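Take 74 as the starting number for the sequence shown in the numbering used here and just add one per residue. No residue lacks a Cβ here, since even glycine has one placed at the ideal position from N, Cα and C. Remember, it's a predicted structure, so these values are computed and weren't measured experimentally. What follows is one structure encoded as structure tokens, with my remarks underneath.
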Amino acid sequence: MTTIDFNLDWKLKLQNRFINYVKIYSTSDPESESTPSSPQQWDIANYIFEELKTLGLSDVSMDEHGYIYAYVPSNIPNDDEPVVGFIAHYDTSPDFNGKDVKPQIWDDYDGKDLLLNKETGFTLSPAKFETLKDYVGKTLITTDGTSLLGADDKAGLAEIVTAAEYLLAHPDIKHGRIAIGFTPDEEIGRGAHKFDVEKFGAEWAYTMDGSEVGELEYENFNAAGAVVKIHGLSVHPGYAYGKMVNSALLAAEFIQMLPENETPGTTQGFEGFYHLMEVKADISEAKLQYIIRDHDNEKFEARKKYITDQVSEFNKKFGEGTAEIEIKEQYRNMKQQFEGKMNIIDIAEQALKDANIEPKIKAIRGGTDGAQLSYMGLPCPNIFAGGINFHGPYEYVCLESMEKAVKVIVNIAKATKKK
74 MTTIDFNLDW KLKLQNRFIN YVKIYSTSDP ESESTPSSPQ QWDIANYIFE ELKTLGLSDV
134 SMDEHGYIYA YVPSNIPNDD EPVVGFIAHY DTSPDFNGKD VKPQIWDDYD GKDLLLNKET
194 GFTLSPAKFE TLKDYVGKTL ITTDGTSLLG ADDKAGLAEI VTAAEYLLAH PDIKHGRIAI
254 GFTPDEEIGR GAHKFDVEKF GAEWAYTMDG SEVGELEYEN FNAAGAVVKI HGLSVHPGYA
314 YGKMVNSALL AAEFIQMLPE NETPGTTQGF EGFYHLMEVK ADISEAKLQY IIRDHDNEKF
374 EARKKYITDQ VSEFNKKFGE GTAEIEIKEQ YRNMKQQFEG KMNIIDIAEQ ALKDANIEPK
434 IKAIRGGTDG AQLSYMGLPC PNIFAGGINF HGPYEYVCLE SMEKAVKVIV NIAKATKKK
């Protein structure tokens, strides 16, 4: 087996690439119907597109929707190995500020509190986040407390690009053709909607979009987004008696109609939930944005029906047309797409072991582009990328975790996959 010599120069390449990516503003916009959903995503798309061409990858292309495709050519004579792909998304979550990211590098972490921002006193502490203790002596990359970091999924981007560069620089590592795909809008559930599976040309792929080292996932939530609109009637408060209908107050009442113990903060494992993402309300109109999640198909359908029924009950109480709901499916549990194809999981599991990583095969309490792609004919389990505490100012990533992810990609690339 060829040894992967990931020396200091390669570590710095990986670190600098990640730092460059996270500094580029690329938050997606759930209110937009365009693809990409936000103009700023074009900045990182164009940056990566040019980078891949400069590195010497083959057939590098980007379509009108910002989907990027590139390939590491096979270096096996008379190659009959299947084409295998790696996928990541370049948008960041709209859940928290993603602009003006100021990453900080902490070498040889000592296990103590990290003061991320002297002006505000914002601190990342192992007393609150115990997983920090796992990274003593490692290199951590954090925010400055004013933004998310964007390791979801710019860590995955950096790992895939660095692995591709490594393979090109080490022709002694024999491998078949490797497909690479980068997508917009994963964070708003639309990352795979316009992905060209046929053009990508892989028999299967892996998203590098997980969290802790060792994660390998081929089971995920069924997912939908729901928007509840509540209509009120605004009149001057001095003359409001018997006339005003305050939609903000009605919204508060509707929120209480859903089970308080079925939220992300009160569920775990395979338990589903209703998650209130955003509330916009004034007297005239309120808008509630929910996401609905469940691993079980029947329970998922029941959840969609339940929230719809609550809108009907709400209208019975306050008058027909007071509230309306729109539900849009986002992705489905990809587990059933791997029936008879468990070799895809076996290859990844062995690649983890070959990198001296203990596999952690579990279900995702979320979803990736891979869930949709699996239903589009491209089986696509998810592998760790190393980031922790996604979607907020406490987000961080360990450089050594990212290095391990690169080694896993290279191990999968060089694996014999014909059987």
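DSSP places L361 in the uninterrupted beta strand (DSSP E) bounded by E358 to D367. Taking C-beta atoms as the reference points, I261 and S110 count as a pair closer than 8 angstroms. In the DSSP assignment, N388 falls within the alpha helix (DSSP H) that extends over N370 to F391. The Cβ atoms of A161 and F255 sit closer than 8 angstroms to each other. By the CB criterion at 8 angstroms, L130 and A278 fall outside the cutoff.
For S134, the beta-bridge partners assigned by DSSP are Y142.
It is roughly 42 angstroms from the alpha-carbon of F195 to the alpha-carbon of V133.
Going by C-alpha positions, E431 is about 8 angstroms away from V286. For V234, the closest C-alpha among the options F122, K490, L205 and N319 is that of F122. For D442, the secondary structure class from DSSP, reduced to helix, strand or coil, is helix.
Rounded to the nearest whole angstrom, the CA to CA distance from H304 to F327 is 12 angstroms. Here the C-alpha atom of E358 lies approximately 7 angstroms from the C-alpha atom of A321.
The beta strand (DSSP E) runs lying completely inside the segment 265-342 and spanning 3 residues or more are 277-283, 288-290 and 295-304, given in chain order. Non-local beta-carbon contacts of S166 in its own chain, meaning distances under 6 angstroms to residues more than five positions away in sequence, involve E260 and H464 in chain order.
Judged by pairs of C-beta atoms under 8 angstroms, the segment 238-254 touches the segment 147-160, as three or more such pairs exist. By the Cβ neighbour-count rule, I437 is buried, with 16 or more other Cβ atoms within 10 Å of its own. Residues of the same chain with a CB within less than 6 angstroms of the CB of D225, apart from the 5 flanking positions on each side, are G460 and F463 in chain order. The closest CA to that of A488, considering only M475, Y469 and Q423, is found on Q423.
One thing to note: F79 has its Cβ no nearer than 8 angstroms to the Cβ of E344.
In the same chain as K360, and ignoring 5 residues on each side of it, the C-beta atoms closer than 6 angstroms to its own belong to K302 and K353, in chain order. In summary, F387 is buried, with 16 or more beta-carbon neighbours lying within 10 Å of its beta-carbon over all protein chains present. Residue state for Y98 is assigned as coil, using DSSP reduced to three classes.
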